[in-house]
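Beneath this line is the structure, given in structure tokens, with notes to follow.
Number of protein chains: 2
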Amino acid sequence: MAKVLEPKTGKPEFHTVGRRIPKLDALEKVQGKAAYIHDLKVPRMLYGKILWSEHAHARIRKIDTSRAEKLPGVKAVITGYNTPEIKTGFFKDNPVLKKDKVRQFRDEVAAVAAESEAIAEEAVRLIDVEYEPLPAVFDPVEAMAEGAPLIHEDKDSNILKLPWKLVCGDMDQGRSQADFIVEESYSMPWVTHCCMGSSGCMAEFHANGNLTVHSPTQIRYLAQRDFGDAMKALGLKGKRVQVVNTAIGGAFGSKLDTYPFEFITILLAYYTGRPVKLVFSREEEFFATPSRQKVDARISQGCKKDGHLTFREVEMVLDNGAYTSWGATTPSVMMMPISSLYKVPNIYYEAKCVYTNNIYATAMRGYGNPQATFAIESQIDTLAEQVGIDPLQFRMINVNTPGEITPQGFQIGSCGLKECLESVRESLDWDNKKGKQDGRGVGLGSLIHVGGGARIYKSDGCGTIIKLDDFAKVTVMSGATDMGQGSDTVIAQIVAEELGVEVDDVIVVMGNTDMETWDVGAHASRTTFVAGNSALFAARKAKEQILDLAAPLLQAAKEDLSIKEGNVFSRSNPEVSMQLARVLRALHFKTGGTQIVASHFYDPPTQMLDREMKGNFSVAYTYGVHGAEVEVDKETGHVEILKYVIAMDVGRAINTMLVEGQLEGGAAMGIGYSLMEELKADQGKILNPNFLDYKILTFPDMPDITSIIIETEDQFGPFGAKGIGEPPLVGSAPAIANAIYDATGKRVRSLPIIPEKLVAQEDE
Amino acid sequence: MAKVLEPKTGKPEFHTVGRRIPKLDALEKVQGKAAYIHDLKVPRMLYGKILWSEHAHARIRKIDTSRAEKLPGVKAVITGYNTPEIKTGFFKDNPVLKKDKVRQFRDEVAAVAAESEAIAEEAVRLIDVEYEPLPAVFDPVEAMAEGAPLIHEDKDSNILKLPWKLVCGDMDQGRSQADFIVEESYSMPWVTHCCMGSSGCMAEFHANGNLTVHSPTQIRYLAQRDFGDAMKALGLKGKRVQVVNTAIGGAFGSKLDTYPFEFITILLAYYTGRPVKLVFSREEEFFATPSRQKVDARISQGCKKDGHLTFREVEMVLDNGAYTSWGATTPSVMMMPISSLYKVPNIYYEAKCVYTNNIYATAMRGYGNPQATFAIESQIDTLAEQVGIDPLQFRMINVNTPGEITPQGFQIGSCGLKECLESVRESLDWDNKKGKQDGRGVGLGSLIHVGGGARIYKSDGCGTIIKLDDFAKVTVMSGATDMGQGSDTVIAQIVAEELGVEVDDVIVVMGNTDMETWDVGAHASRTTFVAGNSALFAARKAKEQILDLAAPLLQAAKEDLSIKEGNVFSRSNPEVSMQLARVLRALHFKTGGTQIVASHFYDPPTQMLDREMKGNFSVAYTYGVHGAEVEVDKETGHVEILKYVIAMDVGRAINTMLVEGQLEGGAAMGIGYSLMEELKADQGKILNPNFLDYKILTFPDMPDITSIIIETEDQFGPFGAKGIGEPPLVGSAPAIANAIYDATGKRVRSLPIIPEKLVAQEDE
């Protein structure tokens, strides 16, 4: 049960907001009734399967599909040679079916559609591909070198042309003012999302040429736009694309882009004239879903004797893999902690994304922030030690404060970082436990993240349509996406609170581009804030309509009326009251009657970063502090987490239980990232594409999480709330690394912090 | 190809309205992709089956379900004894599972849910019921007699307490003014809807207690309300009921009410905790779906020497069957032609609906109007003959005219009856062919029907929500129901016309109570008018929003802007123009952007009939004339239709092809009603529950239909349109009977006019 520190202004009298309401779909999911892409089956449906490359880098000499085509039950075999070219990704550098050459082991070389999965698998095995291997490069530094094999021969370098450079203040001055400077290198591995629900989709063309894609995507509107490329390639420009969400079995950024497999499924559906479903096996999910990328960072920070930071300088090299998805844009978010975690007047940041023959990189919860924060916050401890200030005290000296404008131009509104630090200090018994180095230790890691949208696209908005029926049941059609985080529940609570009805009276319908208005997607911890505000404002409009029309019915002034617990009532005379359902029926059941429908499109006043990478990227910023107490076995290097605390400024907890869920789920991912997760590759080939060899935190590994919810009541958030989806994993790695250092005196600068590194002689 | 007579005002320049656009779902249906209730299959679904009564009237002594319960695969066996009582129907006189006694052969005695249809059928056979037969009554006149067996023992009479009496003017005066009076009796048989898609539904309870029913119902919102009775009985009051339409394989009124089988399916789903589907076999569809009722009418009309009608008097007895569905309310519509077809100053009408042990009666296309019009229009010919005036001329003398207020209080707006008569005269070559009695003959039958809604419920309204996306694709969410008539296409055309886009850019989404706003249902030929107006006004609001926001973009005054063919343009300066899609993206893709959503609830200013059964029932009235030329084989009595013409005042044909479809489809039903259709019963038992013994018109029987569309541009209809769903069958029977009389001199006053009646000695 979370401890909630309410804003000093006191808590308004909420009926629904702040309550511990189980996720609305919890029972459906527990009872196995939720329909995932794996459950979807429609008449005449075929099964798709992809043939992957056998080389990291090779020319395709010949593809012979004749044996596959002859297999009974095979309805289509497609390659880059018998289909129109479609390219995907941020730079459109990824042909959905590879022609001429492959650039990574997971490249799509051919695909089939067949009457059963077994036939499709067999057919894929019957496709013969003749390759001519090419020299490959698997290290981004080597890939940058003169003469390295070019991954894309139409480009003159393996270095992507991207604007990832941020300069704030005067770095020379920052260095010269510093009494202490620390410079280090950090490295972070490939990790992957490990969604319980693997990737997949089903595509079907209608008789009129329109396309419907069922998909667990996080971005159904951007996917709708992207799939338009397939329609164009097929000569169906102008036809409608409908994207329908199935239940999403986790996403965490893995379903934030469109990928070749989706276009392949569309092509198979087109050429067979039948619905085609393609779902990744667990092994494919591991090696074919883009991952959080490998990052090498060089970081230096300096401060005065009194602990005030004077500069921060970070240079990074990111392994982009062979193609460009959102992974290449994560430096835009890495900049955020680099520029704005603590008050640092002078900032330099530069990142290079480099093509290699490795797997390619996409978005993953935190979107670069965990990598940057691991480096920053590990080093803050080192710097504090050099200055001789307690690391928590050191952070307090540099703490962010409400009203601050950071060097990158972020306008910090609500900010509870100080309260988070204080809470973690108390919770960990910091003052008594810090600095013993007796095999036990405490450590912490602060974080900043966007909490009020993030303008990464021309619109950062979300639309909502609300209707009320004759029984005062509310339908909220929201552009948002619930991928398990409980957005539907949070939106239902917001609407119920505003309309004065019970959460049970509200359903939230999401998941069909034909029905709901646009939303940019479930990313950047934006849904509670943006979709929540959209729903709130739509509900407010609906309420206005109701009170307008109810006033004559109740013979009261509209301004005097309100709605609570399903009743419209006069605030000045509580005896004047009517059931909301009765009011709605009275408005409807008469000649010229009406029903209540309201809609709102909310686009937050976020700014796109300018050419200098500056601007108020989000309307609100979420702060938090992770704290850990660990015990390290000196002989085996085994790390036991004795206590784990996350204090998070969430603005307002709309649903305390769901915030806890985010904190606990984030901690599980964050601890895994810190101590065990790593996708291992040898010459571009993934070595551990299964849960036996890729270690994630399992239930027995999971410590109890102490959740401390700080409410700062953000002025722009719905009922004061800020986004909380990603932050709960961002501070884990430095908190644990710092606690390990406190326990052992050993500083590990590469993740994951496996026992081998702790029993090694050198710091890593 | 229909002949279209446009209004004299000339036709506005439409882009889409009036075009011959194939039904939007035509290809899906032809390709077998539309999903009917028969196609629906979900995981864990069970199959329901009903045990029907073996007697027309009997006490239930005992129901032994033990053998059925033991059958492997059976999941529930329910009866009236182990389930809460739920009653359905207009008078709530129909228990969904019969207890104590059965009142007709189609009574529901028990039901099962099982893993397969075969098991369910077997289980039903294993239920043992002990009956004690009771005296039964099958003739409504006998049922009215003193001492007749009471169908419902809690009632003191078999005569239903209903207000079906209409008196207008002064009947004594009407009789005394008449120089000629004819008095006759007419009788009309049971006929049934013969939907290709038989009845059925699927019910499923969600983990939270909410209920979803998939159903081809015509009235999903009233069904939603009705199913609330089941929720109440199950202790789930306040939970949400969602009704989702499957594709509807015809309805024609048969799916206008809720019936015991639907509640039984809900009960089975509740007690098994699994989705249950129950679909009628063809035989069940024939005997268990309520039908158009048997009617006996006594009618007299009188006129002056100059042909002016002075009175009309009609008394009817309707066989209600054992329970009360909409069939008992059809006299409310029978009144319409009786009071308002031609100018008749003095009117008397009375109808009695009588319980019997026969099958019960529901709505069917025309809703009583075909029965009444057969009597009226057959007799008009007899009366005209007595006066010595050509029957067409006789009708012209009494023709309805625009602006007229009829004795029942109908305010006739647009009225093209005169033009219809003229068109049929010309089309049939009336003046040359009439009156030869040489085995060939011509005849006609006029009609009036509601064409602008009909207030049978507290609301006659329909809601629409419209949204436009970034590609100027339009989604129209309409409360209306398409049961094959093409409402989606008509609504798409109306919206496309108003918004200046192509029909292909519009999709119309109907069929989910959770998503769309309310509509009373697909009945009374109201959808084009009411749902059409709702869509039109919603589109107009959307257009207003677009032009408001586009004005600054195009630097033009809003009033000067319009939209045509997907472009927003200045009317005064055609060079100022921008693609609508570009405008929408410009409005969306900016900070604080928006998307266009508009909604409208349209409830027509129709009046409920008052206690005297008077009032302006509809906002517009549709007129038409059926004409036939027949050849009758004197020896066999075989009737060959040489020519069939329907002239119909539709106000405005939104889609000429679909109007033709209605005229042709209506004619097929009307000719079948006239010449062959009859549901035959012996002591309450249906003798011909299959298409072998129940004769409908098949393709070779179908004459070519000459469609003449008269456009009178109704002032209240969307683009001038009036409803056209039912009228195309209303005038068939009198037109054919009159043509047969003209050919043979034989007047047949009972339907169907089978050859036996024509070779008989007496008039029938």
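Protein chains in written order, with the working numbering: chain L, 13 to 776; chain Y, 13 to 776.
A virtual CB, placed ideally from N, CA and C, is assigned to each residue, including glycine.
Please read all numbers here as calculations on a predicted model, not as lab measurements.
Nonlocal neighbours in the same chain, by C-beta distance under 7 Å from L/GLU134, ignoring five residues either side:
LEU83
- Item | Pair within 8 Å by beta-carbon distance, L/ILE311 and L/GLN391 | yes
Practice prompt. Taking L/ALA219 as the query, report the chain Y residues whose CB atoms sit under 7 Å from its CB, ordered along the chain.
Written response: LEU39, GLU40, GLN43, LYS45
### Query
Which residues in chain Y sit within 7 Å of L/SER227, going by Cβ to Cβ distance?
Correct list: empty, because the minimum Cβ distance to chain Y is about 18 Å.
- Task: Sort out for me which residues DSSP pairs Y/GLY636 with in a bridge.
- Result: Y/LEU459, Y/MET660
Within the 8 Å Cβ cut-off, does Y/MET527 reach chain L? yes
**Asked** When you compare only the Cα positions, how much space is there between L/LYS555 and Y/THR525?
**Response** 21 Å
- prompt: Do the stretch 615-625 of chain Y and the stretch 589-601 of chain Y make contact, defined as three or more Cβ pairs closer than 8 Å?
  reply: no
Would L/VAL42 be called buried (16 or more neighbouring beta carbons within 10 Å of its own) or exposed? exposed
Task: Exposure label - Y/ALA215; buried when at least 16 CB within 10 Å - done: buried
Practice problem: Would you mind stating whether Y/PHE323 and Y/GLN313 have Cβ atoms separated by less than 8 Å? | Solution: yes
**Report entry** Contact list for Y/VAL609 against chain L, beta-carbon separation under 8 Å
**Finding:** GLY475, ILE477, THR529, SER611, PHE613
Identify whether Y/CYS432 lies in helix, strand or coil by the three-state DSSP scheme. helix
Where L/ARG79 sits in the DSSP three-state scheme: helix
Practice prompt. Between the Cα of L/GLY684 and those of L/ALA88, L/PRO201, L/LYS87, spot the shortest distance and give me the residue it belongs to.
Written response: L/PRO201
*Within 10 angstroms of its Cβ, does L/ASP481 collect 16 or more other Cβ (buried), or is it exposed?*
buried
#### Entry: Strand pairing of Y/SER344, partner residues [DSSP]
DSSP, once it has assigned bridges, lists no residue as partnering Y/SER344.
Check your understanding: Helix, strand or coil: how does DSSP classify Y/PRO107 here?
Key -> strand
Exercise for the section: May I ask you to list, following chain order, the residues of the stretch 241-255 of chain L that have a beta carbon less than 7 Å from some beta carbon of chain Y? Expected result: ARG252
The alpha helix (DSSP H) enclosing Y/LYS626, as first and last residue numbers:
From DSSP, Y/LYS626 is part of no alpha helix (DSSP H); its letter is neither H nor E.
Q. Considering Y/VAL356, what are the terminal residues of the alpha helix (DSSP H) in which it resides?
A. First-last for Y/VAL356: undefined, no H or E at that position.
Can you check whether the CB of L/GLU25 is closer than 8 Å to the CB of L/GLU723?
no
Fill in: chain Y within 8 Å of L/HIS600, Cβ atoms only
yes
Report task. Answer yes or no: does any C-beta atom of chain Y fall closer than 8 Å to that of L/SER471? Result -> yes
May I ask you to verify whether the stretch 694-704 of chain L touches the stretch 284-304 of chain L, counting CB pairs closer than 8 Å and requiring at least 3? yes
Task: L/PHE483 to Y/VAL225 span [Cα, whole Å] - done: 18 Å
Which whole-angstrom value describes the C-beta separation of L/ARG32 and L/MET669, a residue pair presumed to lie in contact below a C-beta threshold of 8 Å? 4 Å
Query - As assigned by DSSP and simplified to three states, the class of Y/GLN286 - result: Per the sequence shown, the amino acid found at residue 286 of chain Y is Arg instead of Gln. Residue state, collapsed to three classes: coil.
query: Is L/LYS692 helix, strand or coil by DSSP?
result: coil
Apart from the five residues just before and just after Y/GLY512, which ones in its own chain have a Cβ nearer than 6 Å to its Cβ?
-> ILE575, LYS576
- With a CB to CB cut of under 7 Å and the five nearest residues on each side skipped, what residues in its chain are close to L/ASP105? LYS99, HIS164, TYR335, THR336
Note to self: With a threshold of 8 Å between beta-carbons, can Y/MET489 be considered close to chain L, or not?
What the structure shows: yes
Q.
Report the CB separation of L/CYS427 from L/ASN412 in whole angstroms; it is logged as a contact under 8 Å.
A. 5 Å
* Pick from Y/LYS470, Y/GLY44, Y/VAL642 that is closest to L/THR606, judged by C-alpha positions -> Y/LYS470
Going by other Cβ atoms of all chains shown within 10 Å of its Cβ, with 16 needed for buried, is L/GLN677 buried or exposed?
A small fix is needed here, since residue 677 of chain L is Gly in this sequence, not Gln. So L/GLY677 ends up on the buried side.
Under 8 Å by beta carbon: chain Y residues contacting L/LYS485: ARG252
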